[in-house]
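A.B. asks: This is the structure, below, for whatever I ask next.
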Amino acid sequence: MGYAHEYATAIMHRGRIPMEPADHVPNWADGPRKTKFYPGSERLPLPADGGYPAAATVARGLTGTDEPAADGWTFDLSALSGLLLDSYGLTGRRLGVQANTDLDALPFYPLANWSRGTASGGGLYPVAVYWVSGASGPLPPGVHHYSPRHHAMRRLLTGDVTGEVRAALGDAAPGPETDQYLVLGVKYWQNAFKYNSFSFHAVSMDVGALLGTWRMWTRARGGALAPALWFDEARLARLLGVRGEEEGIFAVVPLPWAGANRAADAPASAAVARRDEERSRRVLEFAALREMQRTTSAEAADRPGPGALAPAAALPASPGRPARPLPEPAPLTAGVRAALRARRSSFGRFAADHRPLPAPELAALLAAAAAGARLGGDAGAAGADALARVYAFVNHVDGVEPGVYAYEPGVNALRPVVDGAPGPFLQKNYFLANYNLERAAAVLVPTIRTHAVLDAVGDRGYRLVNAMIGGVAQATYTAAAALSTGCGVALGFDNISYREELGLLDTDEQPLLIMLVGADRPAPADFRFEIA
Numbered sequence: 001m002g003y004a005h006e007y008a009t010a011i012m013h014r015g016r017i018p019m020e021p022a023d024h025v026p027n028w029a030d031g032p033r034k035t036k037f038y039p040g041s042e043r044l045p046l047p048a049d050g051g052y053p054a055a056a057t058v059a060r061g062l063t064g065t066d067e068p069a070a071d072g073w074t075f076d077l078s079a080l081s082g083l084l085l086d087s088y089g090l091t092g093r094r095l096g097v098q099a100n101t102d103l104d105a106l107p108f109y110p111l112a113n114w115s116r117g118t119a120s121g122g123g124l125y126p127v128a129v130y131w132v133s134g135a136s137g138p139l140p141p142g143v144h145h146y147s148p149r150h151h152a153m154r155r156l157l158t159g160d161v162t163g164e165v166r167a168a169l170g171d172a173a174p175g176p177e178t179d180q181y182l183v184l185g186v187k188y189w190q191n192a193f194k195y196n197s198f199s200f201h202a203v204s205m206d207v208g209a210l211l212g213t214w215r216m217w218t219r220a221r222g223g224a225l226a227p228a229l230w231f232d233e234a235r236l237a238r239l240l241g242v243r244g245e246e247e248g249i250f251a252v253v254p255l256p257w258a259g260a261n262r263a264a265d266a267p268a269s270a271a272v273a274r275r276d277e278e279r280s281r282r283v284l285e286f287a288a289l290r291e292m293q294r295t296t297s298a299e300a301a302d303r304p305g306p307g308a309l310a311p312a313a314a315l316p317a318s319p320g321r322p323a324r325p326l327p328e329p330a331p332l333t334a335g336v337r338a339a340l341r342a343r344r345s346s347f348g349r350f351a352a353d354h355r356p357l358p359a360p361e362l363a364a365l366l367a368a369a370a371a372g373a374r375l376g377g378d379a380g381a382a383g384a385d386a387l388a389r390v391y392a393f394v395n396h397v398d399g400v401e402p403g404v405y406a407y408e409p410g411v412n413a414l415r416p417v418v419d420g421a422p423g424p425f426l427q428k429n430y431f432l433a434n435y436n437l438e439r440a441a442a443v444l445v446p447t448i449r450t451h452a453v454l455d456a457v458g459d460r461g462y463r464l465v466n467a468m469i470g471g472v473a474q475a476t477y478t479a480a481a482a483l484s485t486g487c488g489v490a491l492g493f494d495n496i497s498y499r500e501e502l503g504l505l506d507t508d509e510q511p512l513l514i515m516l517v518g519a520d521r522p523a524p525a526d527f528r529f530e531i532a
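Here the sequence shown is numbered in full-length UniProt numbering, starting from 1 and rising by one per residue.
Here it is as structure tokens:
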């Protein structure tokens, strides 16, 4: 067994056995920037994208096909600009009154909290987006870093190095023949200064949330993205000029591009020479984080074959109690862009005990969560679509008795697991003070057989597991925004207690996230501050 098994076990038990260093306190005054900074690099503002089609709805983005449409929708610079702005660009300032611990700081500009379409653990946004472009692009070929705060590209290298990316992807790589790629890296210190050893668990979900947004955004327009999670990571780290122990390369997304050529050959010596400038005077290292980067990158190029994940598929539902049908899911007719702009965390504003959630909306949210587990690309080809299961802890839903249920997406039904109101259990096993879980309409809990995944595809499977969970969270957030209902996602809960409550102790099924949904209080104190 690799180290990822040990780390996964420690994550599950951290509510009872703190992970080292247990006495870590973030040094906020010496914290890192919320983005990478390349001083002296040329900044290229991205253009307006010309609007987002009304027909590109959340429903189409979540449930559409992964096959490209017959009209062959492809990216150009304008569409790439829209994708990046809607997913990771700054779209507004958060000034609403809520129950999170950062409320007192929000009015002060240096501590401002900016809204983005994609969620991120702790609002830290550690994912770095690189655009590696070839001759078919509108700019001279090269490597750029996306600067979310400027909605612009920073040129890091001039020259066509797309052949290096193509070579790093290897044989049988997913996606179209192209010379345009988005590469996702994670600068660990950007998150680890706060979350220390827990950081790897959080940032790997951030990657999945961003991939989920991109796939939803593109699918709704009739396109398709097929991300690669397996590739020669060391080769790409060298190309991007990053040290592997400081920044992991988590995904490569080949872009279907208008007029794209096959990736060019590139000299092996080509590499980014510019370096990110760190703000923190002191950067700490955490042994668990360093070891997880090492072990999950060691066999990064060993892409699993078709069906490799079949042994790790979600176990069949227990036949003990009959399933209870849900009504037809509420339609998700809002546009993807509008829903991403409206997405927010409720942070203590739930009031479902006074305004229960309609059952069709619960059905829609459950269906969205299940759809969000589809990553596509090489993960999908290996069988990842069958890995996740979703449970629902129902507090206040019209037409659904309070209790704990297993969701069965194939028949749109709930199978009872535990009878009775789950509110006291939920609140007892939540670590933070920013939510009253008893006031949420329901709490959705995705699970995956993490150890079975690691047995099937090796330690890099840990990145896959958490990317899927990140995609589930992002899909649920976006669907909730489309329904104008509240949503909040949290990792601060006792995983073992949830395993006990769900009767999972005799299995390797692991609850990895809790997603709270339901109506917020009407007319909350807020301030509109859109900037996009």
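Note that the Cβ used here is the ideal one computed from N, Cα and C, for glycine as well.
1. Going by C-alpha distance, which of A119, V390, L229, R294 is nearest R243?
2. Let me check understanding here. Comparing Cα to Cα, which of H451, F193, M216 lies closest to E67?
3. Taking 7 Å as the threshold (C-beta atoms), are S120 and R94 in contact?
4. State yes or no: is the C-beta of T478 within less than 7 Å of the C-beta of A339?
5. For the ligand HEM, I want to know if A392 counts as a neighbour, meaning its beta carbon is within less than 6 Å of at least one of the ligand's heavy atoms.
6. By how many angstroms is the C-alpha of E20 removed from the C-alpha of R355?
7. Please classify V129: does DSSP put it in a helix, a strand, or coil?
8. Closest to A260 by CA distance: which of Y430, A56, V132, A467 is it?
9. Are three or more beta carbon pairs between the region 278-290 and the region 179-190 nearer than 8 Å?
10. Can you say whether P316 is buried or exposed, counting buried as having 16 or more other CB atoms within 10 angstroms of its CB?
11. List the whole-angstrom C-beta distance separating G372 from G471, where the pair is believed to meet the contact cut-off of C-beta under 8 Å.
12. I'd like to confirm the pairing. Which residues does DSSP put opposite W114 in its beta bridges?
13. Give me the Cβ distance between F493 and I514, rounded to the nearest whole Å; I'm assuming they're in contact under 8 Å.
14. State the DSSP-derived secondary structure class of I17, mapped to helix, strand or coil.
15. Comparing C-alpha positions only, which one of D86, D30, V517 sits nearest to I531?
16. Can you list, in chain order, the stretches of the beta strand (DSSP E) that have 3 or more residues and sit fully within the region 432-511?
17. Could you have a look at Y181 and say whether DSSP puts it in helix, strand or coil?
18. Between the Cα of T65 and those of L77, A48, G380, Y130, spot the shortest distance and give me the residue it belongs to.
19. Keeping to the same chain, check which residues put their C-beta closer than 7 Å to that of P138; ignore five residues upstream and five downstream.
20. Counting only runs that start and end within the region 352-395, where is the alpha helix (DSSP H) found for 4 or more residues in a row?
21. Looking only at C-alpha atoms, which of F393, V404, R374 sits nearest to R321?
22. How many whole angstroms separate the CB atoms of E299 and G423, which I take to be in contact at a CB cut-off of 8 Å?
23. Looking only at C-alpha atoms, which of P327, L62, P53, E438 sits nearest to A480?
24. With 16 other CB atoms within 10 Å as the buried threshold, where does N100 fall?
25. What are the partner residues of T57, as DSSP defines its beta bridges?
26. What first and last residue would you give for the beta strand (DSSP E) that runs through R154?
27. Would you report the Cα separation of T143 and R274, rounded to the nearest angstrom?
28. Which stretch, first to last residue, makes up the beta strand (DSSP E) that contains V253?
29. Closest by CA to P522, which one among D508, D353, V165, R221?
30. Nearest to residue 534 by alpha carbon, out of G248, P416, R344, A456?
31. What residue does the beta strand (DSSP E) around G403 start on, and which one ends it?
32. Given V207, which residues of its chain have a CB within under 7 Å of its CB, disregarding the five upstream and five downstream residues?
33. Tell me whether the beta-carbon of A406 lies closer than 7 Å to the beta-carbon of Y391.
34. Along the chain, which unbroken stretches of the beta strand (DSSP E) at least 3 residues long are found entirely within the region 215-296?
35. Give the range of the alpha helix (DSSP H) segment to which E42 is assigned.
36. From the DSSP output, which residues share a beta bridge with R324?
C.D. replies: So, to answer that:
1. That would be R294, whose Cα lies nearest to the Cα of R243.
2. Cα-wise, what sits closest to E67 is M216.
3. No, the pair does not count as a contact, with Cβ atoms beyond the cut-off.
4. In this structure, A339 lies closer than 7 Å to T478 by Cβ.
5. This structure simply doesn't include the ligand HEM, nor any ligand for that matter.
6. Just so you know, the alpha carbons of R355 and E20 end up roughly 42 Å apart.
7. Strand, per DSSP.
8. Of the candidates Y430, A56, V132, A467, the one whose C-alpha sits nearest the C-alpha of A260 is V132.
9. Taking one beta carbon from each stretch, the region 278-290 and the region 179-190 have 3 or more pairs nearer than 8 Å; the two touch.
10. P316 should be labelled exposed.
11. Rounded, the Cβ-Cβ distance is 4 Å, consistent with contact.
12. W114 pairs with R93.
13. In this structure F493 is in contact with I514, their Cβ atoms being roughly 5 Å apart against a cut-off of 8 Å.
14. DSSP places I17 in coil when its eight states are reduced to three.
15. Among D86, D30, V517, the Cα nearest to that of I531 belongs to D86.
16. Within the region 432-511, complete beta strand (DSSP E) segments of at least 3 residues are found at 442-448, 486-490, given in chain order.
17. Of the three classes helix, strand and coil, the one that applies to Y181 here is strand, per DSSP.
18. When each option's Cα is compared against that of T65, the closest is G380.
19. If we look at P138 and ignore the five residues flanking it on each side, its Cβ neighbours are L77.
20. Those alpha helix (DSSP H) runs which fall completely within the region 352-395 and span 4+ residues are 359-372, 377-381.
21. The residue with the shortest Cα to Cα distance from R321 is V404.
22. Wrong, their Cβ atoms sit about 44 Å apart, outside the cutoff.
23. The candidate whose alpha carbon is nearest that of A480 is L62.
24. It counts as buried.
25. Looking at the DSSP output, T57 bridges to G335.
26. From DSSP, the beta strand (DSSP E) with R154 extends over 152-158.
27. Here residue 143 is Val; the residue named in the question, Thr, does not match the sequence. Each residue's CA atom was taken as its position, placing V143 and R274 some 11 Å apart.
28. Its beta strand (DSSP E) spans residues 247-254.
29. Shortest Cα-Cα distance from P522 to any of D508, D353, V165, R221 involves D353.
30. With the chain running from 1 to 532 in the structure shown, residue 534 is simply not present.
31. Element bounds for G403: 403-408.
32. If we look at V207 and ignore the five residues flanking it on each side, its Cβ neighbours are V127, L184, V186, F250, A251, A467, G470.
33. Yes. Within cutoff.
34. Annotation: the region 215-296 contains the following complete segments of the beta strand (DSSP E) (minimum length 3 residues), in chain order: 247-254.
35. Annotation for E42: no alpha helix (DSSP H) segment contains it, though the beta strand (DSSP E) segment containing it runs 42-45.
36. BP columns for R324 point to L414.
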